[in-house]
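In terms of our numbering, the sequence shown is residues 1 to 471.
Built from N, CA and C at the ideal position, the CB exists for glycine as well.
As the structure is a prediction and not an experimental result, all values here were calculated from the model.
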Amino acid sequence: MIGSRLSNKISIYFIGMMSSKILSVLLIPLYAFYVSASALGYYDYMQTVMSITIPIVYIAIWEAILKFILSEDNDIKRKKIISTSTLFSITITLILSVLVFVILYIFTSQPLSIILLISMMFVTYGLALIWQYLARSLEENKVYVFAGIVSTIINFVSVLILVCFVDLKLEGLFIAYILGQFSIIVFIERKLYVRNYIRLGYFNYEILKRMLMFSAPLVLNLISLWLMSAFGRFIITNELGANANGLFSFANKFSLIVTMIGSVITMAIIEEAILSTRDEGINPQFEKNIELICKIFQYMILLFVPIIVIFYSLISQTDYYASLKYAPWLLLYAVATTVASNVGSIFQAINKTRYQFITTVVGSLMTVLISYIFISSVGIYSVIIGQILGSIVMLVARYLLVNKYVNFRINWIPVVSMTVLFIITTIVCLNVSATMNIIILLFIAGAICFLNFNLLRNMYIRIFKNVDKGI
């Protein structure tokens with residue numbers, strides 16, 4: 001079973017994720033009935049631009065914040081790290097706000113209100129990331145979790161009011177997102193008083209230099225990840241239009257649920273790897289944890305396939321029904337990326353972050369090439385196939401490279417077998433009625449419970465019975 005310290009962290013993050021992300025799931029039907037495919041496509045497009053801009057502009061300094069503070073025992077040095085990184089981030093934020101506004105004003109034809117909202121979205125997202133990583137690095141996991149819950153509630157309520165009732169459409173989506181991100185900053189600040197750490201006298205250029213030297217290779221890694229996960233949206237938008245990107249974005253919401261859950265595991269895995277390296281080196285239990293995580297996620301996406309088909313039967317009269325044929329296949333990409341991220345956390349723990357970049361580049365090149373070559377012949381499927389193959393290539397490359405530095409072995413036979421079963425299940429579910437999918441869902445759920453009774457019981461105890469102890 002997963003180690004005690006790691007499982008406690010997963011429990012904390014999992015409870016927070018389940019408490020907050022369930023509202024994100026409820027947004028999916030709201031998008032289906034209240035937001036047009038073209039509006040959702042543009043909103044998703046701008047968030048895609050934001051997701052690559054922020055790591056570049058901030059030089060992914062949040063990764064260094066986590067590494068440096070967790071690895072440091074001296075309180076004075078910790079304060080210098082926090083002050084240095086926050087002063088750097090605030091300066092970057094001021095510059096970013098001006099640049100985004102000017103660029104959008106010159107190169108787009110959007111109304112001034114949309115340009116202002118997009119600029120604010122970039123700024124609040126960037127600062128929220130910094131404050132979240134500060135909370136994690138100070139091991140204030142409860143604060144981090146509740147900040148996410150508050151943010152999601154505010155975002156959900158704002159979408160209900162601004163999009164469903166006030167009918168602000170695209171503007172409503174942007175405002176709701178901004179309010180959600182801003183609430184993260186406010187909540188964490190009220191709990192941790194980060195402003196008390198910010199002193200010009202604590203700013204240290206040498207610390208900043210070392211932090212940026214650590215995080216700079218991770219920027220390249222994040223860019224490559226963006227090429228794998230988000231560049232396809234550029235291809236779809238430019239080649240097939242915003243409406244097609246809206247369909248892809250909607251279909252991708254289901255795989256994002258898996259990715260969000262995976263991010264919980266990855267956060268705990270990275271922290272555990274860094275702490276174990278500081279204490280006694282890579283934990284030999286690590287590979288068993290990865291195998292277990294992979295097994296759990298493959299069971300999860302197997303259950304998701306009939307659930308997705310059943311859900312789509314309820315929105316069969318909307319524009320988004322056409323995206324049903326894409327949604328299940330994106331689940332494969334979500335699992336492969338999650339496992340690759342967990343394996344890649346070893347590189348951060350042993351200070352070999354350049355290999356995260358190299359392996360991500362290899363996977364990203366595969367994704368981009370397949371997407372570009374086949375976009376005109378198979379459309380959206382080219383991006384989906386590219387993402388799946390790219391993530392698998394990245395996973396295999398990381399696995400091989402990691403084994404050059406640590407002894408890390410995974411039994412791949414069950415993984416491949418479950419993947420074949422997933423493909424067969426998806427083909428069947430997409431070609432039978434919703435009623436048959438309900439039967440398939442019940443059968444899969446029953447089989448999983450029967451075959452993994454002890455595992456599920458232990459997971460229940462770890463996650464729900466011991467969460468108070470973990471917090």
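At the level of alpha carbons, what is the spacing between residue i and residue j?
i, j, result
"leucine 303", "asparagine 458", "20 angstroms"
"proline 29", "isoleucine 315", "8 angstroms"
"leucine 99", "asparagine 243", "28 angstroms"
"methionine 1", "leucine 456", "Legend: pLDDT at methionine 1 = 45, less than 50; position of this residue unreliable, value from coordinates given subsequently. Using only the alpha carbons, I get a separation of about 11 angstroms."
"serine 345", "tryptophan 62", "15 angstroms"
"phenylalanine 453", "leucine 442", "16 angstroms"
"glycine 470", "valine 143", "Annotation note: pLDDT 46 at glycine 470 (below 50); position unreliable, no value reported."
"serine 376", "tyrosine 299", "34 angstroms"
"isoleucine 410", "glycine 262", "18 angstroms"
"alanine 336", "asparagine 431", "25 angstroms"
"valine 35", "methionine 228", "26 angstroms"
"serine 364", "lysine 253", "21 angstroms"
"glutamate 189", "glutamate 291", "38 angstroms"
"asparagine 466", "isoleucine 56", "Model confidence at asparagine 466 stands at a pLDDT of 49, short of 50, so the residue's coordinates are unreliable; what they give is reported in the following sentence. Answer to the nearest angstrom: the Cα atoms are 39 angstroms apart."
"glutamate 206", "serine 83", "13 angstroms"
"arginine 354", "leucine 218", "7 angstroms"
"alanine 147", "glutamate 139", "14 angstroms"
"threonine 367", "alanine 397", "15 angstroms"
"tryptophan 412", "alanine 327", "25 angstroms"
"leucine 162", "tyrosine 31", "13 angstroms"
"valine 383", "threonine 237", "12 angstroms"
"phenylalanine 408", "glutamine 132", "31 angstroms"
"isoleucine 444", "valine 102", "53 angstroms"
"isoleucine 427", "isoleucine 385", "15 angstroms"
"serine 85", "isoleucine 92", "11 angstroms"
"tyrosine 45", "glycine 446", "40 angstroms"
"phenylalanine 68", "leucine 200", "19 angstroms"
"serine 113", "isoleucine 153", "24 angstroms"
"tyrosine 177", "valine 145", "18 angstroms"
"valine 123", "leucine 116", "11 angstroms"
"leucine 170", "alanine 39", "6 angstroms"
"isoleucine 301", "phenylalanine 311", "15 angstroms"
"valine 186", "isoleucine 149", "13 angstroms"
"leucine 208", "leucine 87", "10 angstroms"
To the nearest whole angstrom, what separates the beta carbons of residue i and residue j, a pair I think is in contact under 8 angstroms?
i, j, result
"tyrosine 405", "lysine 352", "7 angstroms"
"isoleucine 118", "leucine 104", "6 angstroms"
"lysine 80", "asparagine 204", "5 angstroms"
"serine 215", "alanine 60", "5 angstroms"
"leucine 192", "serine 137", "About 11 angstroms; that fails the 8 angstroms criterion."
"valine 194", "leucine 240", "The Cβ separation is near 44 angstroms, so there is no contact."
"phenylalanine 33", "threonine 318", "7 angstroms"
"leucine 479", "threonine 359", "No information on residue 479 is available, as it lies outside the stretch 1 to 471 that the chain covers here."
"leucine 421", "valine 343", "That belief does not hold up - the Cβ atoms of leucine 421 and valine 343 are roughly 22 angstroms apart, past 8 angstroms."
"alanine 37", "tyrosine 381", "Rounded, the Cβ-Cβ distance is 18 angstroms, inconsistent with contact."
"tyrosine 58", "serine 89", "6 angstroms"
"phenylalanine 165", "leucine 26", "Wrong, their Cβ atoms sit about 16 angstroms apart, outside the cutoff."
"threonine 419", "threonine 338", "Not confirmed; about 14 angstroms, so no contact."
"cysteine 294", "valine 416", "Actually they do not touch by this definition, with Cβ atoms about 11 angstroms apart."
At which residues does the alpha helix (DSSP H) containing residue i begin and terminate?
i, result
"phenylalanine 374", "353-378"
"phenylalanine 165", "It is not in any alpha helix (DSSP H) - phenylalanine 165 carries neither H nor E in the DSSP assignment."
"valine 98", "75-107"
"threonine 124", "112-137"
"asparagine 196", "Careful: asparagine 196 lies outside any alpha helix (DSSP H) and carries neither H nor E."
"threonine 48", "37-58"
"glutamine 348", "327-349"
"isoleucine 410", "Unbroken run through isoleucine 410: none, as it is neither H nor E."
"glutamate 239", "231-240"
"asparagine 141", "141-159"
"threonine 435", "434-451"
"phenylalanine 203", "Premise fails: phenylalanine 203 is in no alpha helix (DSSP H) and is neither H nor E."
"isoleucine 65", "61-70"
Would you say the beta carbon of residue i is closer than 6 angstroms to some non-hydrogen atom of the ligand MG?
i, result
"phenylalanine 248", "For the structure depicted, the ligand MG is absent and the ligand set is empty, with no information on it obtainable."
inquiry  = Measuring CB atoms only, is the segment 238-254 touching the segment 389-399, in the sense that at least three cross pairs come out at less than 8 angstroms?
reply    = Counting C-beta pairs with one atom in each stretch, the segment 238-254 and the segment 389-399 have fewer than three that are closer than 8 angstroms, which means they do not touch.
request  = Would you be able to state if there are at least three C-beta pairs under 8 angstroms between the segment 48-62 and the segment 220-234?
outcome  = Touching, yes, given that three or more Cβ pairs across the two stretches are closer than 8 angstroms.
task = Count the CB pairs spanning the segment 306-324 and the segment 431-439 that are closer than 8 angstroms, and state whether there are at least three.
result = Judged by pairs of C-beta atoms under 8 angstroms, the segment 306-324 touches the segment 431-439, as three or more such pairs exist.
inquiry  = Within 8 angstroms, do at least three Cβ pairs link the segment 176-194 to the segment 122-132?
reply    = Yes, they touch.
key: Uninterrupted alpha helix (DSSP H) stretches inside the segment 281-325 (no shorter than 4 residues)   = Fully enclosed alpha helix (DSSP H) runs of 4 or longer: 286-314.
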